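Working notes for the structure below.
Protein chains: 2
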Amino acid sequence: MEFNKTLTCAHCSKESPVFCFLNERQIDHIERNRIEVVFNPGETIMKGGTPKTHVMSFYKGLAKVSLEGKGGRSYILGFIRPQTFFSGPGFFFDEKHRLTITAIEECKLCLIEKDVFYEMMEENFKMAFAFMENSNRFILNLIHKMETFLIKHHHGRVADALLHLSKDIYHKNPFTMTISRKDLADLTALPKESVSRILHEFIKDQIITMENNEVHILKEDTLKHISHKG
Amino acid sequence: MEFNKTLTCAHCSKESPVFCFLNERQIDHIERNRIEVVFNPGETIMKGGTPKTHVMSFYKGLAKVSLEGKGGRSYILGFIRPQTFFSGPGFFFDEKHRLTITAIEECKLCLIEKDVFYEMMEENFKMAFAFMENSNRFILNLIHKMETFLIKHHHGRVADALLHLSKDIYHKNPFTMTISRKDLADLTALPKESVSRILHEFIKDQIITMENNEVHILKEDTLKHISHKG
DNA sequence: AAAATAAATTGACATATGTCAATCCGTTTT
DNA sequence: AAAACGGATTGACATATGTCAATTTATTTT
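Protein chains in written order, with the working numbering: chain D, 1 to 230; chain E, 231 to 460.
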């Protein structure tokens with residue numbers, strides 16, 4: 001964790017899905033009320049169960065959003081990529097984080113006090129709506145996530161995860177998996193051994209290649225088919 | 231489905247988590263722009279995939295909210311009980327219902343045009359906030375639901391479902407299950423045969439009794455334990 | 001570079017779980 | 001009341017899947 005202001009709200013806010021609606025006065029207000037932080041891989045950005053004191057504007061890196069389930073298991077509900085605004089689900093509901101956010105690649109982000117954000121939302125309707133739309137996006141992701149959890153055959157879940165990583169997270173096809181096998185296991189709600197095996201089968205069947213976490217999806221359609229048939 | 235106005239917004243809005251913030255003029259506005267409908271058990275109130283044209287104020291009955299998954303399976307994400315406001319997830323995002331709502335017991339509800347609702351939200355900030363809080367509640371439910379899906383042992387899922395039904399849905403302990411075994415299966419994401427078997431074991435172990443869908447939870451703590459250990 | 005540590009893979013095994021089919025029960029229909 | 005229907009239960013069975021332990025590979029440390 002490092003502290004050092006290298007960003008400016010004037011610049012970042014343009015890219016933010018929520019803060020892009022702020023007026024100059026408000027931009028200045030968060031500029032004076034933000035904390036800029038860098039997290040290294042593995043570090044916990046927000047811990048489920050702790051008090052919710054800040055909202056987050058994610059500027060750089062890759063982080064995972066996970067739900068800590070019973071018996072020490074944890075389940076990855078999604079990833080955070082720049083630019084993202086994140087308040088945690090249940091912003092209007094209670095004062096606790098439900099989810100844990102952990103840095104996977106080095107992350108740079110700003111924290112803004114909850115009350116400061118709340119104030120601004122009250123006086124800026126456009127932003128309030130953007131906030132709602134942003135929350136909506138999160139729910140829809142959750143619902144999709146839920147669908148994938150309900151895929152019966154585990155091959156389907158891994159197939160889905162690979163497609164998701166390539167398309168939505170790394171945005172390329174031969175991509176370098178910066179997430180661990182354990183993460184891939186938590187993402188699919190499978191034991192890591194199963195993930196290994198299934199990955200191996202995909203390689204054997206020439207659906208993907210993988211060398212040193214460099215994954216290349218050869219037969220996207222086959223993966224899609226595997227994921228769809230369940 | 232029957233049409234016949236027997237309710238008044240002036241009365242109902244007092245109980246609504248969202249409409250309770252409306253002023254007289256606005257109450258009058260929805261009074262003139264609402265459709266009152268009665269659905270019989272089994273009827274589809276909203277169908278996933280169809281255009282999202284109205285929001286719903288749920289006045290009476292019991293309905294299930296489900297996600298239609300791959301291969302004709304469907305999964306119950308939750309139930310709707312009066313008084314509930316329901317817009318469907320992703321209200322600000324797109325024009326499609328993601329979830330299907332089906333009446334279990336006879337349901338009476340009002341439909342209000344999306345645009346009418348939108349207008350009112352724009353001019354009434356308090357209501358907008360109530361709407362957000364309401365959405366938040368839905369997300370938190372989803373997250374909890376997700377946790378239960380991830381319970382490893384299936385006994386745990388059934389235990390959790392029984393507790394949920396008794397505590398949150400029927401609000402009593404010896405309760406009459408108005409939902410079918412198939413629904414219970416969809417609620418736990420299990421095949422209905424498994425549900426039957428597990429229920430039978432619970433009865434055998436004297437954790438519950440069940441006669442003609444009259445369920446009595448005898449050992450709540452045991453159920454909780456089964457659900458928690460996963 | 002060698003040693004130590006952690007991560008990932010593989011193998012073997014028991015069993016929890018899904019599927020199919022047959023039976024049972026309750027409800028409705030004529 | 002008998003027949004017909006749908007829902008729920010039970011039984012039998014194959015197998016997909018999780019677990020544990022051992023091995024290999026990769027990564028970090030000294």
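All C-beta atoms in this analysis are idealised placements derived from N, C-alpha and C, irrespective of residue type, glycine included. Since the structure is predicted, the reported quantities are computational estimates derived from the model, not experimental observations.
By alpha-carbon positions, which one of the options ends up nearest to residue i?
{"i": "Thr332 (chain E)", "options": "E:Ser410, E:Lys397, E:Phe269", "result": "E:Phe269"}
{"i": "Asp324 (chain E)", "options": "D:Gly61, D:Leu187, D:Glu133", "result": "D:Glu133"}
{"i": "His458 (chain E)", "options": "E:Gly299, E:Asp390, E:Phe309", "result": "E:Asp390"}
{"i": "Asp280 (chain D)", "options": "D:Arg157, D:Pro51, D:Glu201", "result": "Nothing in the structure corresponds to residue 280 (chain D), since chain D is present only between 1 and 230."}
{"i": "Phe405 (chain E)", "options": "E:His385, E:Thr439, E:His446, E:Pro247", "result": "E:His446"}
{"i": "Lys422 (chain E)", "options": "E:Gly320, E:Met286, E:Arg303", "result": "E:Arg303"}
{"i": "Glu335 (chain E)", "options": "E:Thr274, E:Cys239, E:Ile381", "result": "E:Thr274"}
{"i": "Ile399 (chain E)", "options": "E:Phe315, E:Lys434, E:Glu349, E:Arg311", "result": "E:Arg311"}
{"i": "Cys110 (chain D)", "options": "D:Pro51, D:Lys60, D:Ile143", "result": "D:Lys60"}
{"i": "Val464 (chain E)", "options": "E:Val425, E:Phe315, E:Glu266, E:Asn403", "result": "This structure cannot settle anything about residue 464 (chain E), because the visible part of chain E is limited to 231 through 460."}
{"i": "Ser57 (chain D)", "options": "D:Glu147, D:Ser66, D:Pro41, D:Gly88", "result": "D:Gly88"}
{"i": "Ile76 (chain D)", "options": "D:Met177, D:Ser66, D:Lys14", "result": "D:Ser66"}
{"i": "Phe379 (chain E)", "options": "D:Ile203, D:Met121, D:Leu190, D:Phe138", "result": "D:Leu190"}
{"i": "Leu22 (chain D)", "options": "D:Phe79, D:Glu119, D:Thr6", "result": "D:Glu119"}
{"i": "Thr231 (chain D)", "options": "D:Ala10, D:Leu62, D:Arg98", "result": "A question about residue 231 (chain D) goes unanswered here, because the residues of chain D that appear run from 1 up to 230."}
{"i": "Ile207 (chain D)", "options": "D:Leu223, D:Ile143, D:Val195, D:Val37", "result": "D:Leu223"}
What does DSSP give as the partner residues of residue i in its beta bridges?
{"i": "Ala103 (chain D)", "result": "D:Ala63"}
{"i": "His216 (chain D)", "result": "D:Thr209"}
{"i": "Thr84 (chain D)", "result": "D:Phe58"}
{"i": "Pro51 (chain D)", "result": "D:Lys96"}
{"i": "Lys375 (chain E)", "result": "Answer is none; Lys375 (chain E) lacks a bridge partner."}
{"i": "Phe138 (chain D)", "result": "The partner list for Phe138 (chain D) (beta bridge, DSSP) is empty, contrary to what the question assumes."}
Going along chain D in order, which residues have a C-beta closer than 7 Å to the C-beta of residue i?
{"i": "Leu417 (chain E)", "result": "Near Leu417 (chain E) there are no residues of chain D at all, since even the closest Cβ is about 12 Å away, more than 7 Å."}
{"i": "Tyr305 (chain E)", "result": "Leu150"}
{"i": "Ser377 (chain E)", "result": "For the sequence presented, residue 377 (chain E) should be read as Glu rather than Ser. Going along chain D in sequence order, the residues near Glu377 (chain E) (Cβ under 7 Å) are Leu67, Gly69."}
Under 9 Å Cβ-Cβ, which residues of chain E neighbour residue i?
{"i": "Asn212 (chain D)", "result": "Result: empty, since nearest Cβ-Cβ is about 31 Å, beyond 9 Å."}
Please find out if some non-hydrogen atom of the ligand PLP comes closer than 6 Å to the beta-carbon of residue i.
{"i": "Ser304 (chain E)", "result": "Within the structure as shown, the ligand PLP is missing, as the structure has no ligands at all."}
Using the beta-carbon of each residue, which ones in chain D are nearer than 9 Å to residue i?
{"i": "Met178 (chain E)", "result": "What the structure shows of chain E is the stretch from 231 to 460, and residue 178 (chain E) is not part of that stretch, so it cannot be assessed."}
According to DSSP, is residue i helix, strand or coil?
{"i": "Glu251 (chain D)", "result": "Residue 251 (chain D) lies beyond the range of chain D shown here (1 to 230); nothing can be said about it."}
{"i": "Tyr305 (chain E)", "result": "strand"}
{"i": "Glu113 (chain D)", "result": "strand"}
{"i": "His29 (chain D)", "result": "helix"}
{"i": "Arg98 (chain D)", "result": "coil"}
{"i": "Met276 (chain E)", "result": "strand"}
{"i": "Thr406 (chain E)", "result": "strand"}
{"i": "Tyr118 (chain D)", "result": "helix"}
{"i": "Ala240 (chain E)", "result": "helix"}
{"i": "Lys152 (chain D)", "result": "coil"}
By the criterion of Cβ-Cβ separation under 7 Å, what are the contact partners of residue i in chain E?
{"i": "Glu119 (chain D)", "result": "Within 7 Å Cβ-Cβ: nothing; Glu119 (chain D) doesn't reach chain E, min ~13 Å."}
{"i": "Glu95 (chain D)", "result": "The contacting residues do not exist; Glu95 (chain D) stays about 12 Å from chain E at best."}
{"i": "Met132 (chain D)", "result": "Phe322, Met362"}
Give the residues of chain E in contact with residue i, contact being defined as C-beta atoms less than 8 Å apart.
{"i": "Ile139 (chain D)", "result": "Pro319, Gly320, Ser365, Phe368, Ile369, Leu372"}
{"i": "Arg232 (chain D)", "result": "Not covered by the structure: residue 232 (chain D). The range shown for chain D is 1 to 230."}
Who are the neighbours of residue i on chain D, taking C-beta pairs under 8 Å?
{"i": "Phe359 (chain E)", "result": "Phe92"}
When you check each C-beta in the segment 153–183 of chain D against every C-beta of chain E, which residues fall closer than 7 Å? none
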